[in-house]
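Taking it in order: structure first as structure tokens, then the write-up.
Residue numbers (the numbering used here): 610 to 774.
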């Protein structure tokens, strides 16, 4: 039996004092054409890098947020789909909860560097806006509003909640 080659990533659910979540806009392309994906800031682990070190690096690079403490690990997601990340059979996303006052995101990477990663900006979203969204844009995970609302209502889980696509 062949083992799957999965890309391991960390993501931050950055929540401000109004319980808005910071999402990054990714302009992507599939065979069916271009589409927009809104996802939590984060990215892949570099060789020899631990999850929290990667999370700190990604948050500084993408949105300019420095983490003082180790945030709780709240969600775990495994997606087997070779179309998600080139060269991989799928991805593993581990999500961490970060509370911070609202800020204007501006990371260490230049606009050109972000564009090379298909990132084209950020936006603060309310849970209801995500749940009520009917446009062509997609969220990651697809039903982001459901687990996010549960997280806000129930608080930090004892163990990371497993998510679907």
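No residue lacks a Cβ here, since even glycine has one placed at the ideal position from N, Cα and C.
- Boundaries for residue 739: no beta strand (DSSP E) harbours it, while the alpha helix (DSSP H) harbouring it runs 736-741, taken from the DSSP string.
- Linking residue 681 to residue 634 through their CA atoms gives a straight-line distance of about 24 Å.
- Boundaries of the beta strand (DSSP E) around residue 643: 642-648.
- DSSP, read as helix, strand or coil, puts residue 709 in coil.
- Distances from the CA of residue 716 to each of 704, 729, 708 and 760 were compared; the closest alpha carbon is that of 729.
- The beta carbon of residue 619 is closer than 6 Å to those of 651, 660, 663, 664 and 703 in its chain, skipping five residues each way along the sequence.
- A direct Cα-Cα distance of roughly 11 Å separates residue 690 from residue 701.
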